[in-house]
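Working notes for the structure below.
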Amino acid sequence: MPVNLLRTAVGSRSVEHLKQIQKHRGFSYDGEPATWAMTRRRPTRADEIIDRQGSIYWIVQRSLCIRQPVIDLPVEEDVEGKTYCRIVLDPNLVLVEPVTRKHIQGWRYLETKDTPKDLAQIDTGKGDDLPDQMVVELRELGLM
684 MPVNLLRTAV
694 GSRSVEHLKQ
704 IQKHRGFSYD
714 GEPATWAMTR
724 RRPTRADEII
734 DRQGSIYWIV
744 QRSLCIRQPV
754 IDLPVEEDVE
764 GKTYCRIVLD
774 PNLVLVEPVT
784 RKHIQGWRYL
794 ETKDTPKDLA
804 QIDTGKGDDL
814 PDQMVVELRE
824 LGLM
(Lines of atoms letter the chains of each structure in order from A; the text may use other names.)
(Lines give C-alpha, C1' and ligand atoms only; values in the text may rest on other atoms or scores of the structure.)
Protein backbone atom coordinates (compact mmCIF):
# COMPACT_ATOMS: atom_id res chain seq x y z
CA MET A 684 0.00 0.00 0.00
CA PRO A 685 1.32 3.44 -0.86
CA VAL A 686 2.60 5.85 1.77
CA ASN A 687 1.35 9.35 0.98
CA LEU A 688 1.98 12.91 2.08
CA LEU A 689 -0.57 15.62 2.88
CA ARG A 690 0.36 19.25 2.35
CA THR A 691 -1.31 22.65 2.04
CA ALA A 692 -0.80 24.32 -1.34
CA VAL A 693 0.25 27.61 0.27
CA GLY A 694 -0.61 30.61 -1.89
CA SER A 695 -2.77 28.63 -4.32
CA ARG A 696 -6.17 30.21 -4.84
CA SER A 697 -7.59 27.29 -6.84
CA VAL A 698 -6.72 24.04 -8.57
CA GLU A 699 -6.07 26.00 -11.77
CA HIS A 700 -3.71 28.34 -9.91
CA LEU A 701 -1.80 25.36 -8.48
CA LYS A 702 -1.49 23.98 -12.02
CA GLN A 703 0.01 27.30 -13.17
CA ILE A 704 2.50 27.32 -10.30
CA GLN A 705 3.50 23.73 -11.01
CA LYS A 706 3.90 24.48 -14.73
CA HIS A 707 6.44 27.23 -13.95
CA ARG A 708 8.44 24.76 -11.83
CA GLY A 709 8.75 22.22 -14.62
CA PHE A 710 12.12 20.59 -15.29
CA SER A 711 13.59 17.34 -16.58
CA TYR A 712 14.38 14.68 -13.97
CA ASP A 713 16.20 11.57 -15.23
CA GLY A 714 15.04 12.50 -18.73
CA GLU A 715 11.36 12.68 -17.75
CA PRO A 716 9.19 15.77 -17.19
CA ALA A 717 8.77 16.68 -13.53
CA THR A 718 7.92 19.54 -11.21
CA TRP A 719 8.83 20.15 -7.59
CA ALA A 720 7.96 21.38 -4.13
CA MET A 721 10.34 21.64 -1.21
CA THR A 722 10.37 21.03 2.50
CA ARG A 723 12.98 21.52 5.16
CA ARG A 724 13.31 17.90 6.24
CA ARG A 725 13.17 14.68 4.29
CA PRO A 726 10.37 12.38 5.45
CA THR A 727 11.72 9.46 7.48
CA ARG A 728 9.56 7.14 5.38
CA ALA A 729 10.86 8.60 2.09
CA ASP A 730 11.99 5.23 0.73
CA GLU A 731 8.53 3.78 1.35
CA ILE A 732 6.89 6.75 -0.39
CA ILE A 733 9.07 6.27 -3.47
CA ASP A 734 9.10 2.44 -3.54
CA ARG A 735 5.34 2.17 -3.02
CA GLN A 736 4.53 4.93 -5.52
CA GLY A 737 3.03 7.34 -3.02
CA SER A 738 1.52 10.72 -3.81
CA ILE A 739 1.34 14.14 -2.26
CA TYR A 740 -2.26 15.17 -1.60
CA TRP A 741 -2.79 18.92 -1.79
CA ILE A 742 -5.16 20.99 0.36
CA VAL A 743 -6.34 23.93 -1.76
CA GLN A 744 -8.59 26.50 -0.06
CA ARG A 745 -9.59 24.10 2.75
CA SER A 746 -10.33 21.27 0.31
CA LEU A 747 -8.21 18.16 -0.15
CA CYS A 748 -8.98 17.84 -3.85
CA ILE A 749 -5.89 16.96 -5.88
CA ARG A 750 -2.84 14.71 -5.76
CA GLN A 751 0.48 14.27 -7.55
CA PRO A 752 2.61 11.13 -7.66
CA VAL A 753 5.97 11.51 -5.91
CA ILE A 754 8.97 10.57 -8.07
CA ASP A 755 11.85 11.20 -5.66
CA LEU A 756 12.82 12.95 -2.42
CA PRO A 757 16.48 13.99 -2.74
CA VAL A 758 18.23 16.08 -0.09
CA GLU A 759 19.87 19.15 -1.60
CA GLU A 760 21.78 22.19 -0.40
CA ASP A 761 20.86 25.84 -1.04
CA VAL A 762 23.30 28.69 -1.76
CA GLU A 763 23.65 29.35 1.98
CA GLY A 764 24.66 25.75 2.66
CA LYS A 765 21.36 24.76 4.33
CA THR A 766 19.94 21.38 3.43
CA TYR A 767 16.36 20.81 2.31
CA CYS A 768 14.35 18.07 0.66
CA ARG A 769 13.17 18.61 -2.89
CA ILE A 770 9.91 16.77 -3.51
CA VAL A 771 10.16 15.73 -7.16
CA LEU A 772 6.64 15.30 -8.54
CA ASP A 773 4.97 13.93 -11.63
CA PRO A 774 3.69 17.03 -13.50
CA ASN A 775 0.23 15.50 -13.90
CA LEU A 776 -2.22 16.56 -11.22
CA VAL A 777 -4.98 14.04 -10.46
CA LEU A 778 -8.33 15.33 -9.21
CA VAL A 779 -9.68 13.42 -6.22
CA GLU A 780 -13.04 13.39 -4.51
CA PRO A 781 -12.98 16.65 -2.51
CA VAL A 782 -12.78 16.40 1.27
CA THR A 783 -12.90 19.43 3.56
CA ARG A 784 -9.62 19.72 5.50
CA LYS A 785 -8.03 22.40 7.64
CA HIS A 786 -4.79 23.90 6.43
CA ILE A 787 -1.70 22.33 7.96
CA GLN A 788 1.79 23.63 8.43
CA GLY A 789 4.49 21.56 6.76
CA TRP A 790 3.38 18.09 5.76
CA ARG A 791 1.83 14.99 7.33
CA TYR A 792 1.64 11.35 6.37
CA LEU A 793 -1.71 10.40 4.89
CA GLU A 794 -2.67 6.78 5.42
CA THR A 795 -4.10 4.91 2.45
CA LYS A 796 -7.40 4.33 4.28
CA ASP A 797 -7.82 8.13 4.56
CA THR A 798 -7.10 8.97 0.92
CA PRO A 799 -10.01 10.11 -1.23
CA LYS A 800 -10.70 8.27 -4.47
CA ASP A 801 -9.52 9.67 -7.78
CA LEU A 802 -12.39 11.36 -9.60
CA ALA A 803 -11.58 9.27 -12.68
CA GLN A 804 -12.49 6.16 -10.63
CA ILE A 805 -15.90 7.55 -9.68
CA ASP A 806 -16.54 9.80 -12.66
CA THR A 807 -19.96 9.61 -14.26
CA GLY A 808 -18.78 11.29 -17.45
CA LYS A 809 -20.58 14.48 -16.49
CA GLY A 810 -18.58 17.68 -16.40
CA ASP A 811 -15.75 16.56 -18.68
CA ASP A 812 -15.76 19.96 -20.35
CA LEU A 813 -15.88 21.99 -17.10
CA PRO A 814 -12.84 23.61 -15.45
CA ASP A 815 -11.30 21.43 -12.74
CA GLN A 816 -12.01 23.94 -9.96
CA MET A 817 -15.70 24.07 -10.92
CA VAL A 818 -15.92 20.26 -10.83
CA VAL A 819 -14.35 20.28 -7.35
CA GLU A 820 -16.78 22.93 -6.10
CA LEU A 821 -19.84 21.22 -7.60
CA ARG A 822 -18.82 17.91 -5.99
CA GLU A 823 -18.32 19.65 -2.62
CA LEU A 824 -21.88 20.97 -2.91
CA GLY A 825 -23.18 17.51 -3.82
CA LEU A 826 -24.32 18.68 -7.24
CA MET A 827 -22.26 16.18 -9.22
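In this note's numbering, the protein residues as written are 684 to 827.
Note that beta-carbon positions come from the ideal geometry of N, C-alpha and C, so glycine has one too.
Reference Ala720, options Ser746, Thr691, Val819, Gln816, closest by Cα: Thr691
Best match in Ile732, Ile754, Val693 for proximity to Glu794 [C-alpha to C-alpha]: Ile732
Alpha helix (DSSP H) segment containing Leu701, residue limits: 698 to 707
Segment contact flag, the region 780 to 796 with the region 745 to 761, C-beta cutoff 8 angstroms, min 3 pairs: yes
Counterpart residues of Met721 in DSSP-defined beta bridges: Met721 is bridged by DSSP to Arg769.
Range covered by the alpha helix (DSSP H) that runs through Asp734: 729 to 734
First through last residue of the beta strand (DSSP E) which encompasses Asn687: 687 to 691
Where the beta strand (DSSP E) through Arg791 begins and ends: 790 to 793
Residue of Leu813, Ala803, Val779, Pro814 minimising C-alpha distance to Asp797: Val779
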